Amino acid sequence: MTARRRRLYWVLGILAGVGIAGALALRAFEQNVMFYFDPSKIAAGEVHTGQRFRLGGMVEKGSVLRTPGSLEVRFVVTDFRHSVPVHYDKVLPDLFREGAGVVAHGRLDERGNFIADEVLAKHDEKYMPPEVARSLQQAAASNAASGDAALATGAASRATGTAAAPALAQEPR
Amino acid sequence: MVVELGHYALILALLLAAAQAFFGLAGAALGRERWLAAAPSAAGGQFVFLALASAVLVNAFVQDDFSVRYVAENSNAALPLFYRVTAFWGAHEGSLLLWIVVLGGWTMAVVARLRYLPAAFGARVIGVLGLISFGFLLFTLCTSDPFARLLPAVPDGNDLNPVLQDFAFAVHPPILYTGYVGFAVSFAFACAAMIEGRRDQLWARWMRPWTVIAWAFLAWGIALGSWWAYYELGWGGFWFWDPVENASFMPWLVGTALIHSIAVTERRGLFKSWTLLLAVAAFSLSLLGTFLVRSGVLVSVHSFAADPRRGVFILVFLIIMIGGALGLYAWRAPGMRSPAGFEILSREAFLLFNNLLLVISAAVVFGGTMAPLIADTLGLGTLSVGPPYFNPSFLVPILPLLSLLALGIHARWRRGALRESRRPLLLTLGLSLVLAMALALGVYAHPMPLTPIGATLGCWIILSSLYDPLDRLRRGLRVPAPLLGMSVAHIGVGLFVLGITFVKSNSIELDVALKSGQSAQLGAYSFRYEGVENIEGPNYDGVRGSVSVSRGGRLVTVLRPEKRRYWVQGTVQTTAAIAPALSRDLLAALGEDVGDGAYSLRLQYRPLIRFIWLGALIMAIGGVIAVIGRRQRASALSGATQAMGLPAGAAAQSPGSRS
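Going down the list, the protein sequences come from chains A and B.
Each residue of the first sequence is one higher than the last, beginning at 1 in my numbering.
Each residue of the second sequence is one higher than the last, beginning at 1 in my numbering.
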């Protein structure tokens with residue numbers, strides 16, 4: 001085997017290796033990437049049943065229901081236009097509370113309940129997940145268009161207020 | 001008035017950084033000796049003003065000067081003194097200043113060892129470092145001034161984020177930054193070599209110790225961050241493939257490729273242009289990491305408030321630095337071909353594969369980290385990429401890498417004579433197979449498909465690393481420090497692999513609601529919830545639970561997890577209780593009162609999890625041993641140890657040192 005030939009085999013082998021690694025990574029990527037949907041998009045039927053995705057919105061005030069003495073909890077996630085009931089049976093994060101932003105991972109069941117396997121609320125109280133803030137603003141805009149002004153301004157101020165207000169503008173506690 | 005002093009100090013540092021860059025680069029280009037001499041002086045002056053600015057900021061925190069916006073947002077009169085000092089790097093502006101100060105520290109270290117470099121080359125290195133410092137200082141002054149006033153002043157500050165009020169956090173950012181920013185030195189050496197169009201490989205020898213030390217700090221810093229996330233974020237995870245974790249991990253992967261590639265360049269004169277490219281890539285990824293974290297484009301625990309101006313500035317800076325370096329590369333690299341060759345199955349070939357696989361793994365991480373950003377920019381929807389992508393994709397390049405590592409340790413330079421090493425190869429492989437089966441089937445039952453593979457690879461790497469040093473000792477030979485350092489670092493890799501393997505296959509996690517007196521069983525361990533009591537700390541109150549863990553009827557430990565409510569921000573913070581041991585960790589975290597007298601709890605058993613951080617620490621120690629040993633061997637080399645603050649005695653005591 002000449003040196004030149006050997007080098008050719010080397011390069012071909014390396015290219016094949018890189019190709020296989022790339023193909024496998026792409027496949028893993030395709031299968032495991034998670035999309036984000038808000039309640040309005042779910043209501044519009046954009047989600048397939050069984051598809052795992054991220055749901056974002058606000059935890060509706062007064063919606064958190066526990067089965068006493070167990071981990072089971074139900075709450076409603078809303079973007080002030082549409083809402084989705086959520087079921088969860090693990091420990092909730094520290095920053096989870098009614099009226100605050102939340103992101104949950106899971107699937108829809110056939111009755112339209114969101115079965116969450118992970119609930120995230122970020123570590124900073126000022127923080128609102130940007131996609132949630134965007135959802136709330138969009139919902140507020142379309143509410144305003146449909147004449148529901150009071151609700152719209154409420155949702156909008158909540159979205160911008162929590163997402164962008166500088167720390168010191170917050171009320172003293 | 002003192003605070004304005006800090007601001008002026010930063011402006012002066014900016015001017016001196018410009019002078020440093022100009023005198024260094026122009027002096028070397030025009031051959032003016034006076035200018036060459038001025039560059040280090042400018043660097044020294046810059047460092048003095050950076051130190052002054054830092055002192056002013058620390059003072060503002062200690063004195064509770066809430067007329068400074070940054071202090072008011074990140075501190076509080078009730079905050080303990082220690083955290084008032086570490087709040088320095090608790091948010092964007094201060095951590096940027098820390099970045100610059102660390103760069104100043106590295107520059108001073110280079111200045112201290114300048115006499116071992118040719119004058120023009122050294123001046124160019126200092127000049128490039130000045131250029132980087134100038135960019136970051138300009139960024140700080142234009143968009144993120146830590147000394148900006150808040151008028152009227154507020155009576156009390158907004159407090160430091162509670163998850164940051166912790167010892168590991170106090171040390172994690174400085175150490176991580178030391179690693180991150182250290183690649184700036186490798187970058188500067190690479191740029192200097194390219195500007196001069198050097199055809200020799202001396203620059204690789206000069207660059208090597210700096211790169212290894214930066215790499216070691218980065219390994220240590222990442223491990224500390226992972227350890228901190230594990231116990232402080234409260235839920236027992238140690239790696240989340242969070243964008244910011246990835247941002248520090250990518251330069252580390254490329255840096256690992258770099259330290260192996262430099263070895264080949266220094267010793268055999270091969271891979272020259274590849275080494276240069278890796279040096280540019282490692283620092284570019286550090287810069288990109290800074291961009292990702294600081295611009296707020298990515299969502300994570302670490303991202304601070306989003307400000308589009310910051311993003312645009314860093315992007316422009318990134319394009320200038322990386323574009324400039326790549327332009328230099330395109331111009332100079334073709335002149336650096338090397339005539340030397342090597343055979344398949346020689347050590348060079350194994351190191352080539354090491355580099356290839358490490359770069360692929362970095363690319364896998366890069367793809368997953370950038371995909372959400374790209375999809376969002378192109379309007380393809382909001383998506384997220386998590387462990388289900390990263391875990392399997394990362395294994396694709398890493399499993400072959402680990403197998404080739406165990407093989408490559410036995411390979412010779414230049415000649416593909418693996419047959420000569422057949423005895424140690426088969427011996428170590430056989431022994432590791434036996435050990436791995438004992439571990440995977442005996443000690444930790446219920447293995448997953450990858451468990452025996454991971455266990456075998458971990459044992460094989462450790463045994464292979466031990467073989468050469470032990471063989472030399474047996475034959476009455478010395479173990480040279482570079483060999484010792486390499487072996488130690490590879491043993492660290494092996495321990496790390498064992499840790500990950502068994503944590504991933506044999507951990508038990510359980511979320512459960514328990515009334516006091518009730519128990520939950522995790523494998524051999526029984527966790528009994530005893531109840532909660534109220535507690536009060538310096539700036540928080542809360543509840544403390546008590547969970548007694550027993551095994552086979554014997555009490556092992558009592559875990560006391562806490563739920564704290566910090567008064568100023570009203571933040572609730574879970575503080576997990578962990579009973580650590582080399583063989584396993586037991587963890588309990590307190591959820592909340594779920595009614596009916598029950599509390600929700602998260603309970604975990606994680607075998608060998610300490611091996612993950614221990615492995616990373618040992619890798620870093622291996623790097624340091626190799627550098628110190630080289631310095632001993634030839635003090636004329638441009639080592640980094642003295643400048644890095646290691647006592648001279650440490651070098652003298654290093655085992656296996658040569659005279």
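Ideal Cβ placement from N, Cα and C applies to all residues, glycine included.
Because the structure is a prediction, the values reported are computed rather than measured.
In chain B, which residues lie with their C-beta within 9 Å of the C-beta of Lys61/A? In the first sequence, residue 61/A corresponds to position 61, counting from 1. Under the 9 Å cutoff, chain B gives no residues; its nearest Cβ is about 18 Å from Lys61/A.
Does Glu125/A get closer than 8 Å to chain B when you measure Cβ to Cβ? The sequence position of residue 125/A within the first sequence is 125, counting from 1. For Glu125/A, the predicted structure reports a pLDDT of 43, less than 50, and the residue's modelled location is therefore unreliable. A value from the coordinates is still provided. With 8 Å as the cut-off, Glu125/A counts as an interface residue toward chain B.
Mind checking whether Ala598/B and Leu514/B have CB atoms under 8 Å apart? Here residue 598/B is taken as the residue at index 598 of the second sequence, counted from 1. Here residue 514/B is taken as the residue at index 514 of the second sequence, counted from 1. Taking 8 Å as the Cβ cut-off, Ala598/B and Leu514/B qualify as a contacting pair.
Please list, in chain order, all residues of the same chain as Val56/B whose beta carbon is under 8 Å from its beta carbon, the five residues on each side excluded. Residue 56/B sits at position 56 when you count from the first residue of the second sequence. Scanning its chain for C-beta atoms nearer than 8 Å, with the 5 sequence neighbours on each side dropped, one finds around Val56/B the residues Val2, Val3, Leu5, Gly6, Ala9 and Phe147, in chain order.
If you draw a straight line from the alpha carbon of Ile612/B to that of Phe496/B, how long is it in whole angstroms? Numbered from its first residue, the second sequence carries residue 612/B at position 612. Numbered from its first residue, the second sequence carries residue 496/B at position 496. If you take the alpha carbons of Ile612/B and Phe496/B, they lie about 5 Å apart.
Between the C-alpha atoms of Gly623/B and Phe394/B, what's the straight-line distance to the nearest angstrom? Stepping through the second sequence from its first residue, residue 623/B is reached at position 623. Stepping through the second sequence from its first residue, residue 394/B is reached at position 394. Distance between the alpha carbons of Gly623/B and Phe394/B: 24 Å.
On the premise that Ile360/B lies in contact with Ala21/A, defined as a C-beta separation below 8 Å, what is that separation, rounded to the nearest angstrom? Counting from 1 along the first sequence, the entry for residue 21/A is found at position 21. Counting from 1 along the second sequence, the entry for residue 360/B is found at position 360. The Cβ separation is near 5 Å, so the contact holds.
Note down, in chain order, every chain C residue with its Cβ under 7 Å from the Cβ of Arg560/B. Chain labels in this structure do not include chain C; the protein chains are A and B.
Relative to the alpha-carbon of His87/A, which residue among Met34/A, Gly62/A, Arg97/A and Val119/A has its alpha-carbon at the smallest distance? The count along the first sequence starts at 1 and reaches residue 87/A at position 87. Nearest in C-alpha terms to His87/A, of all of Met34/A, Gly62/A, Arg97/A and Val119/A, is Val119/A.
Taking only beta carbons into account, state which residues of the region 576 to 598 of chain B come closer than 8 Å to chain A, listed in chain order. For the region 576 to 598 of chain B, which is checked against every Cβ of chain A, the residues closer than 8 Å are Ala589, Gly591, Glu592, Val594, Gly595, Asp596, Gly597 and Ala598.
Cβ of Leu137/B within 8 Å of Cβ of Ala13/B? Taking the first residue of the second sequence as 1, we reach residue 137/B at position 137. Taking the first residue of the second sequence as 1, we reach residue 13/B at position 13. When the beta-carbon positions are compared, Leu137/B and Ala13/B come within less than 8 Å of each other.
Kindly provide the ranges of any alpha helix (DSSP H) runs that are 4 or more residues long and lie completely inside the region 465 to 542 of chain B, ordered along the chain. Qualifying alpha helix (DSSP H) stretches, in chain order: 481 to 506.
I want to know whether the region 282 to 293 of chain B touches the region 184 to 191 of chain B - three or more CB-CB distances under 8 Å. Contact between the region 282 to 293 of chain B and the region 184 to 191 of chain B is present: three or more C-beta pairs spanning the two stretches fall below 8 Å.
Does the CB of Arg602/B have a neighbour CB from chain A at under 8 Å? Reading the second sequence from its first residue, position 602 is the one you call residue 602/B. For Arg602/B, the nearest beta carbon of chain A is closer than 8 Å to its own beta carbon.
Would you decide whether Cys142/B is buried or exposed? Buried here means 16 or more other CB atoms lie within 10 Å of its CB. Taking the first residue of the second sequence as 1, we reach residue 142/B at position 142. Residue environment for Cys142/B: exposed (fewer than 16 other C-beta atoms within 10 angstroms of its C-beta).
Contacting positions in the region 68 to 85 of chain A - beta carbon closer than 7 Å to chain B: Per Cβ criterion, the list reads Pro68, Gly69, Ser70 and Leu71.
With 16 other Cβ atoms within 10 Å as the buried cut-off, status of Met448/B: On the second sequence, residue 448/B is found 448 positions in, with the first residue counted as 1. Exposed, because fewer than 16 other Cβ atoms sit within 10 Å of the Cβ of Met448/B.
Measure the C-alpha to C-alpha separation of Gly105/B and Ala51/B and round it to an integer number of angstroms. The sequence position of residue 105/B within the second sequence is 105, counting from 1. The sequence position of residue 51/B within the second sequence is 51, counting from 1. The C-alpha of Ala51/B is placed about 10 Å away from the C-alpha of Gly105/B.
Phe29/A: contacting residues in chain B (beta-carbon distance under 8 Å): Here residue 29/A is taken as the residue at index 29 of the first sequence, counted from 1. Within 8 Å Cβ-Cβ: Gly367, Gly368, Ala371, Val385, Tyr389 and Ser393.
Cutting at 7 Å between CB atoms, please list the residues of its own chain near Lys176/A, excluding the five before and the five after it. Residue 176/A cannot be examined here, being either before or after the span of chain A that is shown, 1 to 173.
Alpha carbons only, please: which of Arg565/B, Val396/B and Ala330/B is nearest the one belonging to Val18/A? The count along the first sequence starts at 1 and reaches residue 18/A at position 18. Looking from the CA of Val18/A, the closest CA among Arg565/B, Val396/B and Ala330/B belongs to Val396/B.
Tell me the rounded alpha-carbon separation between His302/B and Leu287/B. Taking the second sequence and counting its residues from 1, the one referred to as residue 302/B is at position 302. Taking the second sequence and counting its residues from 1, the one referred to as residue 287/B is at position 287. With a pLDDT of 44 at His302/B, under the threshold of 50, the modelled position of that residue is not reliable, and no figure is offered here.
Consult DSSP for Ala78/B and reduce its assignment to one of helix, strand or coil. By 1-based counting over the second sequence, the position of residue 78/B is 78. Three-state result, Ala78/B: coil.
Just verifying my parser: in three-state terms, what is the DSSP assignment at Val299/B? Residue mapping note: residue 299/B aligns to position 299 of the second sequence, counting from 1. Because the pLDDT of Val299/B is 49, which lies under 50, any placement of that residue in the model is unreliable, and the question is left without a value.
Along the chain, where does the beta strand (DSSP E) containing Arg565/B start, and where does it finish? The count along the second sequence starts at 1 and reaches residue 565/B at position 565. In the DSSP assignment, Arg565/B falls within the unbroken beta strand (DSSP E) covering Glu562 to Tyr566.
Measure how close the beta-carbons of Leu19/B and Ala53/B come, nearest whole angstrom, since I'm counting them as under 8 Å. Residue 19/B sits at position 19 when you count from the first residue of the second sequence. Residue 53/B sits at position 53 when you count from the first residue of the second sequence. It should be pointed out that residue 19/B corresponds to Ala in this sequence rather than to Leu. Not a contact, Cβ separation roughly 17 Å.
Output the distance between the C-alpha atoms of Arg198/B and Leu326/B, rounded to the nearest integer angstrom. Position 198 of the second sequence holds residue 198/B. Position 326 of the second sequence holds residue 326/B. The alpha-carbon separation between Arg198/B and Leu326/B amounts to approximately 16 Å.
Cβ neighbour criterion (16 or more within 10 Å) applied to Ser583/B: By 1-based counting over the second sequence, the position of residue 583/B is 583. Of the residues assessed, Ser583/B falls on the exposed side of the cut-off, its CB having fewer than 16 other CB atoms within 10 angstroms.
Can the beta-carbon of Val62/B be found closer than 8 Å to that of Leu81/B? Taking the first residue of the second sequence as 1, we reach residue 62/B at position 62. Taking the first residue of the second sequence as 1, we reach residue 81/B at position 81. Taking C-beta atoms as the reference points, Val62/B and Leu81/B count as a pair closer than 8 Å.
If the criterion is Cβ atoms closer than 8 Å, does the pair Ala616/B and Val212/B meet it? Taking the second sequence and counting its residues from 1, one reaches residue 616/B at position 616. Taking the second sequence and counting its residues from 1, one reaches residue 212/B at position 212. No, Cβ-Cβ distance for Ala616/B and Val212/B is not below 8 Å.
Using a beta-carbon distance below 8 Å, is Ala150/A in contact with chain B? Here residue 150/A refers to the residue found at position 150 of the first sequence. For Ala150/A, the predicted structure reports a pLDDT of 44, less than 50, and the residue's modelled location is therefore unreliable. A value from the coordinates is still provided. Taking 8 Å as the threshold, the shortest C-beta distance from Ala150/A to chain B does not fall below it.
is_contact[Pro397/B, chain A] using C-beta, thresh 8 Å: As a first step, residue 397/B must be located in the second sequence, where it is residue number 397. Chain A, which has a Cβ nearer than 8 Å to the Cβ of Pro397/B, makes this yes.
His87/A - DSSP class collapsed to helix/strand/coil: Here residue 87/A refers to the residue found at position 87 when the first sequence is read from its first residue. The three-state reading of DSSP puts His87/A in strand, counting E and B together.
Would you call Phe271/B buried or exposed, if buried means 16 or more other Cβ atoms sit within 10 Å of its Cβ? For the purposes of this step, residue 271/B is identified with residue 271 of the second sequence, where counting begins at 1. Label assigned to Phe271/B: buried.
Would you call the region 545 to 556 of chain B and the region 517 to 531 of chain B in contact, with 3 or more CB pairs under 8 Å? Contact between the region 545 to 556 of chain B and the region 517 to 531 of chain B is present, because at least three Cβ pairs lie under 8 Å.
Suppose the cutoff is 8 Å on Cβ atoms and the five residues either side in sequence are ignored; what does the same chain contact list for Gly335/B look like? Residue numbering aside, residue 335/B sits at position 335 when the second sequence is read from its first letter. The answer, listed in chain order, is Gly197 and Arg199.
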